[in-house]
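Heads up: the protein sequence lines correspond to chains A and B, in order.
With the numbering used here applied, the first sequence has no gaps in its numbers, which climb one by one up to 545 at the end.
With the numbering used here applied, the second sequence has no gaps in its numbers, which climb one by one up to 989 at the end.
What follows is a single structure, written as structure tokens, with notes after it.
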Amino acid sequence: MKRKEFLHLSAMSIGAMMLPKFSLLGNPITAEEALYEGLDVSTKKALADVALQAATSKGATYADIRIGRYLNQFVTTREKKVQGIANTESLGVGIRVIANGSWGFAATNSFTKEDIARTAEKAVAVAKANSKIITEPVQLAPQKGYGEVTWKTPVEQNAFTVPVKDKVDLLLQANGIAMQGGASFVNSAILAVNEQKYFASTDGSYIDQDIHRIFPTFTVTKIDRASNKFQSRKSLSAPSGMGYEYLTPLADTRVAGIVTRYKGRYDLLEDIKNATADVEQKLKAKSVEPGKYDLVLDPSHLWLTIHESVAHPTELDRVLGYEANYAGTSFLTLDKWKAGNFKFGSDLVNIVGDKLQPGSLGAVGYDDEGVKCKEWDIIKNGVLVNYQAIRDQAHIIGLKESQGCCYAQTWADVQFQRMPNVSLRPGTSPLSVDDMIKNVEKGIYIVGDGSFSIDQQRYNFQFGGQTFYEIKNGKIVGMLNDVAYQANTQEFWNSCTAIADASDYRLGGAFNDGKGQPSQSNAVSHGSSTTRFNGVNVINTARKI
Amino acid sequence: MAILTKEQAQTLLKKVLSYSKADECEVGLNGSEGGNIRYARNAVSTAGDISNLTLSVSATFGKKTGTATINEFSDAALERVVRRAEELAQLAPENPEYVPLLGPQTYKESITWVPATAAITPDTRAEAVAKSIKVAKEANLQSAGYIENTSSFTAMANSKGLFAYNKDTDVVFSITTRNEAGTGSGYAARGYNDISKLDTHSATKISASKANGSAGARAIEPGKYTVILEPVAGAYMLENMFRGLDARSADEGRSFMSKPGGGNRLGEQLMDEKVNLYSDPFNAELPSNTWSRDGFPLERTSWIDKGVVKNLAYNRYWAQQKNVQPVPFPSNMIMTGGDASLEELIKSTEKGILISRLWYIRMVDPQSLLLTGLTRDGTFYIENGQIKFPIKNMRFNESPVIMLNNVEALGKPERTISIESYRSYLIPPMKIRDFTFTSLSDAI
């Protein structure tokens with residue numbers, strides 16, 4: 001985060017701890033203003049046609065326009081206090097063109113026809129200037145126009161229509177449960193996002209979309225001053241492509257086990273009670289003996305390992321070197337894909353990319369370059385078979401059409417290749433988590449995501465978690481502390497020996513995944529069932545200062 | 546124009562305050578102009594120009610505060626944003642930690658604005674990038690890099706008569722060069738207030754020599770080693786510690802600065818005697834903002850003196866609770882060192898590892914500030930005072946606090962940037978014993 005943004009953030013008294021990567025381009029607005037529906041579709045279409053016309057008349061061979069209204073709401077609290085309430089809005093137009101074989105982009109927050117035409121012309125001018133220093137012209141995969149279409153996240157309750165007071169009351173009630181249960185501190189927040197985007201292109205698409213995301217989260221901390229130790233436990237919620245209904249649990253929401261986990265919906269009040277009991281236990285838990293363990297990883301944990309070690313290295317722009325100076329490159333080079341037999345993981349490992357799964361952060365009807373969303377295999381029976389690509393990359397991996405992975409964080413940012421949902425398919429034979437644990441002689445069962453770090457080509461990683469349970473001879477015998485596992489991506493996925501069946505399949509996700517320079521944020525889910533990995537190296541992270 | 550002069554900013558903010566009916570009102574202005582070029586595979590990939598000016602208004606009734614911002618500047622818009630902040634304040638819950646606003650303060654003029662940087666044009670950026678790409682091509686390497694320049698100002702005023710203004714210029718540049726075979730990679734990063742100090746040609750040369758020099762790396766056994774951290778590596782490691790120089794989290798018992806039994810580690814010898822950390826907005830090499838965001842004038846402040854914790858930041862609320870003077874968070878951070886060059890530090894090393902850059906540092910345990918991350922873009926084995934051969938990258942698990950207890954020698958401080966926050970620091974190359982590597986990485 002840049003310093004200026006930080007100042008702006010502080011001015012709004014938002015708990016900075018909870019909101020490390022939010023785009024703060026927006027201006028605070030009231031809840032009523034958030035419900036304003038904005039420009040009607042016919043006005044947007046007319047403005048879009050102005051832009052497309054202006055761009056082509058100046059020599060663009062392709063043009064697209066995104067008219068966007070981006071709403072964010074943050075409600076953050078600690079203990080009995082509300083730290084911040086902010087509604088932000090950002091409204092404007094981004095125009096992207098190809099001219100002389102090169103991309104150009106320009107954006108404006110003005111909605112006059114004159115300014116939109118001028119912005120389109122500026123994008124063409126940028127493209128022409130850049131065309132002098134490109135090495136090869138852009139090759140765009142063909143895309144049919146869809147005409148006028150719409151898509152909407154199927155929300156039951158728009159989070160922006162829920163009064164702020166209800167959110168504050170829920171969070172303060174949750175904080176109260178933690179403090180009564182003996183927590184020393186508690187932070188909690190509800191974050192909501194609504195992207196209202198209109199896309200039009202010279203291919204003949206006019207796509208109107210209304211996209212919703214929500215993320216309730218907390219951290220409970222307990223301190224033992226005598227030993228000068230403290231432990232925290234984060235919520236086991238999953239940021240979701242849903243409305244406020246995510247916070248209303250249903251009969252089948254709870255996944256029973258050593259600690260309750262959640263599927264599809266979330267019970268904040270129950271989870272914070274459990275978290276408070278967990279921090280108490282964590283303070284007393286024994287420190288792990290380093291060595292090789294069989295790991296049983298819950299989906300609330302495994303999503304992050306999938307995100308870092310599978311989803312990032314299969315981003316085609318990283319593979320090609322476009323992220324070399326920032327996010328890095330990838331060990332999954334094109335030759336490994338071309339070989340057709342690169343064993344990424346064991347035969348059980350089937351990884352799929354999609355932007356369709358209901359409730360997922362990646363679910364949209366069409367991506368930010370007007371490609372209808374789909375599903376495809378990335379790893380099949382352990383073998384690397386595909387990447388994540390957009391229109392100007394499709395030809396590089398022999399595709400006739402884009403996989404629909406294009407996204408921009410706001411209207412003001414140029415769209416580029418971003419991660420879709422990348423998920424591990426569940427096991428095909430019936431297998432419950434209990435049955436999986438029964439077969440583990442010496443292992444650790446990990447719930448929740450924690451510390452994470454991985455190298456720039458995605459070979460070597462280290463992950464922590466929220467709670468760690470020691471498994472001895474098929475039984476959970478107690479909690480462990482100071483656990484982190486380190487592995488090589490390919491060795492790790494080849495050590496995958498069991499995946500629970502579809503009844504255990506759940507989504508986790510990243511609300512703000514960063515990539516690009518200047519950095520842009522993306523939201524993405526990763527689904528899996530509980531999975532076992534054999535003989536993974538576990539280190540002890542306790543130190544004294 | 547997004548950059549207002551001090552007088553223009555003051556006139557505008559006074560006008561905004563004149564609309565306020567709240568008990569207390571604080572108004573802020575942020576304006577910035579700048580641009581960037583991103584390149585990869587020896588060609589430009591994206592470029593942009595950005596300009597923005599934002600006004601924020603915080604209105605308070607009793608202990609209830611509301612904030613609103615706007616980027617329109619007609620009289621009607623200014624009044625509207627004040628009314629909106631006041632409406633939000635009336636709806637907001639009471640903030641028990643609200644502290645009344647500060648009165649007028651005296652600030653010295655900052656030295657953060659460099660006209661030459663403010664005058665950067667798209668052509669200046671393109672030329673800087675062209676120079677870098679040329680070096681890479683001549684060395685048969687693939688370059689990927691980024692240049693961004695920003696001119697900005699910040700001003701604040703409040704209903705008690707406080708007015709503060711600062712303007713600054715920044716330019717950051719980073720470059721990664723890789724060989725065609727993908728067996729070698731190098732990096733360099735620069736950040737300045739003054740564009741005339743930026744030499745993309747020489748930075749790319751350094752990156753290129755690291756790329757060529759790192760090819761053919763050998764594996765060594767992970768474990769504890771003496772390391773020499775170049776400033777860009779050291780700054781990234783230490784930045785994670787600077788954020789923790791806060792009294793409240795320490796007093797609350799949830800920081801590495803917490804003292805067993807209660808309180809914080811102020812006055813404790815926490816690090817080696819060679820370690821001195823201070824902030825100073827008037828440092829000629831690393832000038833920074835001269836006031837904190839709650840309006841305090843910033844002066845030279847010692848944080849760690851000969852290894853002893855001299856100061857922790859106290860915001861006004863926490864200072865009141867603890868009955869001490871507030872200590873604002875600093876706007877820069879400087880670590881002192883010696884006169885030795887990096888080469889001299891290498892020469893004085895019998896066995897060790899030179900670390901060019903660190904990557905993906907994340908907190909493992911906030912109690913000990915244990916961090917994990919990896920080496921990247923040039924890691925070399927040193928024997929008998931010479932670089933012997935490149936070695937494969939490794940993952941470390943180490944606490945900067947433990948690291949600063951194991952200081953063997955410090956070199957001459959250099960201005961460098963954190964590769965994650967892009968903030969600039971003045972940090973010496975550091976020779977550290979017993980730095981803990983826990984595994985090997987195949988990444989290049």
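Ideal Cβ placement from N, Cα and C applies to all residues, glycine included.
Local conformation of residue i per DSSP, three classes
i	result
Asn-87(A)	strand
Lys-81(A)	strand
Met-880(B)	strand
Ser-227(A)	coil
Ser-201(A)	strand
Met-310(A)	The sequence shown places Val at residue 310(A), not Met. Three-state result, Val-310(A): helix.
Met-816(B)	coil
Gln-912(B)	coil
Gly-26(A)	At Gly-26(A), the pLDDT of 46 sits below 50, so the modelled position is not reliable; the number obtained from the coordinates is stated separately. Coil at Gly-26(A), not helix or strand.
Ala-630(B)	helix
Thr-983(B)	strand
Arg-543(A)	coil
Tyr-862(B)	helix
For residue i, the nearest candidate out of the options (CA to CA)
i	options	result
Lys-234(A)	Lys-152(A), Thr-61(A), Phe-492(A) and Gly-464(A)	Gly-464(A)
Thr-541(A)	Arg-723(B), Thr-920(B), Leu-916(B) and Pro-974(B)	Leu-916(B)
Thr-612(B)	Gly-576(B), Lys-551(B) and Ala-634(B)	Ala-634(B)
Val-162(A)	Gly-181(A), Leu-191(A), Ser-184(A) and Pro-137(A)	Leu-191(A)
Lys-544(A)	Lys-855(B), Arg-629(B) and Val-946(B)	Val-946(B)
Thr-662(B)	Leu-549(B), Ile-751(B) and Val-716(B)	Val-716(B)
Ser-619(B)	Leu-557(B), Tyr-652(B), Leu-647(B) and Pro-638(B)	Leu-557(B)
Ser-232(A)	Val-279(A), Gln-409(A) and Thr-77(A)	Val-279(A)
Gly-736(B)	Leu-623(B), Asn-694(B), Thr-881(B) and Arg-583(B)	Asn-694(B)
Ala-700(B)	Pro-871(B), Ser-837(B), Thr-920(B) and Tyr-926(B)	Ser-837(B)
Ala-200(A)	Thr-221(A), Val-383(A) and Asp-367(A)	Asp-367(A)
Ala-251(A)	Lys-263(A), Met-242(A) and Ser-240(A)	Lys-263(A)
Gly-204(A)	Lys-122(A), Gln-53(A) and Gln-173(A)	Gln-53(A)
Val-546(A)	Gly-59(A), Phe-533(A), Gln-196(A) and Ile-134(A)	Coverage of chain A is limited to positions 1 through 545, which leaves residue 546(A) absent and any answer about it impossible.
Residue i and residue j closer than 8 Å at C-beta
i	j	result
Asn-350(A)	Lys-380(A)	yes
Gly-580(B)	Pro-667(B)	yes
Ser-102(A)	Asn-130(A)	yes
Tyr-732(B)	Arg-902(B)	yes
Phe-185(A)	Glu-797(B)	yes
Gln-462(A)	Asp-449(A)	no
Ser-969(B)	Leu-774(B)	no
Asn-481(A)	Glu-441(A)	no
Tyr-244(A)	Gln-157(A)	yes
Asn-785(B)	Leu-914(B)	yes
Tyr-643(B)	Thr-605(B)	yes
Ser-528(A)	Tyr-505(A)	yes
Ala-107(A)	Trp-337(A)	no
Glu-959(B)	Arg-978(B)	no
Using a Cβ-Cβ cut-off of less than 7 Å, list which residues of the segment 450 to 463 of chain A approach chain B; keep chain order. Ser-451, Phe-452, Ser-453, Ile-454, Asp-455, Gln-456, Gln-457, Tyr-459, Asn-460 and Gln-462
Would you list, in sequence order, the uninterrupted beta strand (DSSP E) runs of no fewer than 3 residues that lie entirely inside the segment 313 to 397 of chain A? 351 to 354 and 375 to 380
Counting only Cβ-Cβ distances shorter than 9 Å, please list the residues of the segment 237 to 248 of chain A near chain B, keeping chain order. none
Closer than 8 Å, Cβ to Cβ, to anything on chain B: give me those residues from the segment 475 to 494 of chain A, in chain order. Asp-482, Ala-484, Gln-486 and Asn-488
Mind listing which residues of the segment 276 to 294 of chain A have their C-beta closer than 7 Å to chain B's C-betas, in chain order? none
Closer than 7 Å between beta carbons: that is the criterion. Which residues of the segment 112 to 132 of chain A meet it against chain B? Val-126 and Asn-130
By the 7 Å beta-carbon criterion, what residues does the segment 80 to 96 of chain A contribute toward chain B? Lys-81, Val-82 and Ile-85
Residues of the segment 191 to 225 of chain A in Cβ contact with chain B at a cutoff of 9 Å, in chain order, please. Listed by position, the residues of the segment 191 to 225 of chain A near chain B (Cβ gap below 9 Å) are Thr-221, Ile-223, Asp-224 and Arg-225.
What residues in the segment 914 to 943 of chain B have a beta carbon less than 8 Å from any beta carbon of chain A? Those would be Leu-914, Leu-915, Thr-917, Gly-918, Leu-919, Arg-921, Asn-938, Arg-940 and Asn-942, in chain order.
Taking beta-carbon pairs under 9 Å, can you tell me which members of the segment 683 to 701 of chain B lie near chain A? From the segment 683 to 701 of chain B, only Gln-687, Ser-688, Ala-689, Gly-690, Tyr-691, Glu-693, Thr-695, Ser-697, Thr-699 and Met-701 have a Cβ closer than 9 Å to chain A.
Any C-beta of chain A within less than 8 Å: which residues of the segment 835 to 865 of chain B qualify? Arg-838
Please specify which runs of the alpha helix (DSSP H), each continuous and at least 4 residues long, are wholly inside the segment 759 to 835 of chain B, giving them in chain order. 776 to 787 and 792 to 796
Return the chain-ordered ranges of every beta strand (DSSP E) run that is complete within the segment 410 to 496 of chain A and spans a minimum of 3 residues. 421 to 424, 442 to 447, 452 to 454, 460 to 463, 467 to 472, 475 to 481 and 483 to 488
Which residue spans inside the segment 208 to 267 of chain A form an unbroken beta strand (DSSP E) run of at least 3? Every beta strand (DSSP E) stretch that sits fully inside the segment 208 to 267 of chain A and reaches 3 residues is listed by chain position as 229 to 234.
What residues in the segment 962 to 989 of chain B bring their beta carbon closer than 8 Å to a beta carbon of chain A? Ser-966, Tyr-967, Arg-968, Thr-983, Ser-984, Leu-985, Ser-986, Asp-987, Ala-988 and Ile-989
Between the segment 798 to 809 of chain B and chain A, which residues of the former have a C-beta closer than 8 Å to a C-beta of the latter? Gly-798, Arg-799, Phe-801, Ser-803, Lys-804, Pro-805, Gly-806 and Gly-807
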